[in-house]
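Structure first, then comments.
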Amino acid sequence: MTTFLRMRKGFSFDEAILMTEFSKYAYDVFQYDDGSVDDIELKTIYKALYRNQGWQLVHTIRNDDTNIRALLLKNTESPVHQYAISFRGSIVSDRGSVELTDFTSDLDWELIRYEYLSIQRAKVVQGFHLAFESVADEIQFFFKTLRGELKPSDFRRLHQLSPLRKFACINALADAGAIRLGAEFEQQAQELVKKVVADGEIDDDEELEKILQFVEEELLSKLSPLTEPIEVWVTGHSLGGSLCQLAGLSLRRWFGPASAGGLLIKVYAVAAPKIGNPTFIDYYNQQMGEELSYRIENMLDTAPTFPYDPPFPLSLIAPEGVRIGNVYIGNYANGGEAITVMGFGGQSASISFGGIVEIPFTIPFPHSAETYLQLLKDQKQFWSQLVRPVKDILRPFLIDLLRDEQTKGVNLAQEIANLNGNENVSSVKSDEDITIVK
Numbered sequence: 008m009t010t011f012l013r014m015r016k017g018f019s020f021d022e023a024i025l026m027t028e029f030s031k032y033a034y035d036v037f038q039y040d041d042g043s044v045d046d047i048e049l050k051t052i053y054k055a056l057y058r059n060q061g062w063q064l065v066h067t068i069r070n071d072d073t074n075i076r077a078l079l080l081k082n083t084e085s086p087v088h089q090y091a092i093s094f095r096g097s098i099v100s101d102r103g104s105v106e107l108t109d110f111t112s113d114l115d116w117e118l119i120r121y122e123y124l125s126i127q128r129a130k131v132v133q134g135f136h137l138a139f140e141s142v143a144d145e146i147q148f149f150f151k152t153l154r155g156e157l158k159p160s161d162f163r164r165l166h167q168l169s170p171l172r173k174f175a176c177i178n179a180l181a182d183a184g185a186i187r188l189g190a191e192f193e194q195q196a197q198e199l200v201k202k203v204v205a206d207g208e209i210d211d212d213e214e215l216e217k218i219l220q221f222v223e224e225e226l227l228s229k230l231s232p233l234t235e236p237i238e239v240w241v242t243g244h245s246l247g248g249s250l251c252q253l254a255g256l257s258l259r260r261w262f263g264p265a266s267a268g269g270l271l272i273k274v275y276a277v278a279a280p281k282i283g284n285p286t287f288i289d290y291y292n293q294q295m296g297e298e299l300s301y302r303i304e305n306m307l308d309t310a311p312t313f314p315y316d317p318p319f320p321l322s323l324i325a326p327e328g329v330r331i332g333n334v335y336i337g338n339y340a341n342g343g344e345a346i347t348v349m350g351f352g353g354q355s356a357s358i359s360f361g362g363i364v365e366i367p368f369t370i371p372f373p374h375s376a377e378t379y380l381q382l383l384k385d386q387k388q389f390w391s392q393l394v395r396p397v398k399d400i401l402r403p404f405l406i407d408l409l410r411d412e413q414t415k416g417v418n419l420a421q422e423i424a425n426l427n428g429n430e431n432v433s434s435v436k437s438d439e440d441i442t443i444v445k
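Reminder that position 218 of the sequence shown reads as 225 in my numbering, one-by-one numbering, no gaps.
The structure is reproduced here in structure tokens:
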């Protein structure tokens, strides 16, 4: 697995494959979720499943009412601050029961005004918007803590939340605070969290107030603004792909552009349905910037084509959308730049006979995260093999050109090493990392 990345503009197969793997992690890890709002056990499970991968699970994002789940990962092997948020997509079963909550978000296609904009015509798909907003506070609190930007007004806002949301946001504060303040703070916070969940109920009791008071005092008094940049990749598959685009936009809105000291943000949405109308997408693309938001789409997968636009002649009569009973059909679009793959792929499955014999098999499924992961790997290998002969032919000429440019301040040794395929800690340029530039 790629552990060190340097965020830069342009599509990278290494990044896309890693983010698609993270999207799959979100399904894999949360299948062990026992329903507890305490995520300590899930962190242990993640460590057991993906030890030595270089990315640590530092926080789980969750809202049980909307069934939204996401992993917040930290690159422990990078010399810079690198994080990834991976949103889980829709699921049809949860701990042995049928789970249809996600489909409320998937099928709620009505276009509503994006309230954070003064542009009345910018509209977002209601189901995806409400699903993301159900966990937005938690994400914002985490990165505010990480950046050392918490204020007393943030805690006044926290007091107004419902007990479950308050507890989720306190966990986000504690997890980000542990990164900044170290093991002693983490241990104290964990002990207080255990007391909150000890009776199996989350309400505005004395224990919840104690941990809130603890994190407020510690974080406000000890945190200082972080001066180093923070790089954040945001990803997800299916429903998670739509949510990750809204998350990337919100991170940009909360913390501003990187040029003004905000977060460095890059989005990889995998098999994502459309998220808004063209006016909203124009705003999204302008905010995210060129070559920093990509959506990966399988040409044999129908999910990225949802929701459908009104058919002709309804598109002429009602260009902004039409409601037929409880079904809303509008003019939809998706953000970022499309990277297409093609293949039926497969989804792993198995049949168990009383727990004695289990027969594994694979079924064709163009929409599965496994399919997207394999297709990206195949395409990366194809392009790598295609460009290698050309690179071998051009290498001597490029080295001579670099020597001519040495007097202009070019790092000759580093550039030659890159041409020869040698990689060091400050670069991910190699035959295996192909960047497509518009």
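Cβ coordinates follow ideal geometry from the N, Cα and C atoms, glycine included.
Since the structure is predicted, the reported quantities are computational estimates derived from the model, not experimental observations.
Asked: Residue 295 burial status per 10 Å Cβ neighbour count (16 or more: buried); Found: buried
Asked: Residue from 27, 17 and 15 with nearest C-alpha to residue 305; Found: 27
Asked: Min CB distance residue 349 to chain B below 7 angstroms; Found: Structure shown: chain B not included; a single protein chain is present.
Asked: C-alpha distance - residue 287 paired with residue 84, whole-angstrom precision; Found: 37 angstroms
Asked: Environment of residue 386 [buried if 16+ CB atoms lie within 10 Å]; Found: buried
Asked: Which residues DSSP lists as bridging residue 238, in chain order; Found: 89 and 271
Asked: Same chain only: Cβ atoms within 7 angstroms of residue 139, ignoring 5 sequence neighbours per side; Found: 250, 253 and 254
Asked: Inter-residue CB distance, residue 302 and residue 279 (contact presumed, cutoff 8 angstroms); Found: 5 angstroms
Asked: Length of the line joining the Cα atoms of residue 244 and residue 21; Found: 17 angstroms
Asked: Whether residue 455 touches residue 185 by CB criterion (7 angstroms); Found: Residue 455 cannot be examined here, being either before or after the span of the chain that is shown, 8 to 445.
Asked: For residue 190 and residue 132, the rounded distance between their alpha carbons; Found: 42 angstroms
Asked: Assumed close pair residue 47, residue 197 - CB separation to whole angstroms, cut-off 8 angstroms; Found: 7 angstroms
Asked: Residue closest to residue 310, alpha-carbon to alpha-carbon, out of 340, 166 and 228; Found: 340
Asked: Residues bridged to residue 300 [DSSP beta-bridge criterion]; Found: 274
Asked: Beta-carbon proximity check, residue 68 vs residue 145, cutoff 7 angstroms; Found: yes
Asked: Rounded separation between residue 23 and residue 17 - CA only; Found: 11 angstroms
Asked: Three-pair Cβ contact test at 8 angstroms for the region 201-208 versus the region 113-132; Found: no
Asked: Span separating the alpha-carbon of residue 314 from that of residue 116; Found: 7 angstroms
Asked: Residue 215 to residue 44 span [Cα, whole Å]; Found: 13 angstroms
Asked: Close beta carbons around residue 73, own chain, < 6 angstroms, minus the five adjacent residues each side; Found: 138 and 141
Asked: C-alpha gap between residue 154 and residue 400, whole angstroms; Found: 47 angstroms
Asked: Among 30, 390, 307 and 239, nearest to residue 376 - alpha-carbon criterion; Found: 30
Asked: Closest residue to residue 143 among 77, 88, 118 and 90 (Cα-Cα distance); Found: 77
Asked: Residue 228, DSSP secondary structure in three states; Found: helix
Asked: Distance between residue 33 and residue 56 (C-alpha atoms, nearest Å); Found: 12 angstroms
Asked: Euclidean distance between Cα positions of residue 246 and residue 37; Found: 15 angstroms
Asked: Residues bridged to residue 192 (per DSSP); Found: DSSP lists no partner for residue 192.
Asked: Cα-Cα separation between residue 239 and residue 367, rounded to whole angstroms; Found: 36 angstroms
Asked: Coil, strand or helix - residue 243 by DSSP; Found: strand
Asked: Inter-residue CB distance, residue 271 and residue 218 (contact presumed, cutoff 8 angstroms); Found: The Cβ separation is near 32 angstroms, so there is no contact.
Asked: Host beta strand (DSSP E) of residue 348 (start-end); Found: 344-348
Asked: Supposed contact pair residue 350 and residue 369 - C-beta distance, whole angstroms, cut 8 angstroms; Found: Incorrect: roughly 13 angstroms between the Cβ atoms, too far for contact.
Asked: Contact check, residue 277 vs residue 379, beta carbons under 7 angstroms; Found: yes
Asked: Chain-order list of residues whose beta-carbon lies under 7 angstroms from that of residue 162 (same chain, five-residue window excluded); Found: 223
Asked: Buried or exposed (CB count within 10 angstroms, at least 16 for buried), residue 212; Found: exposed
Asked: Span of the beta strand (DSSP E) around residue 154; Found: Here residue 154 belongs to no beta strand (DSSP E); instead the alpha helix (DSSP H) covers 133-154.
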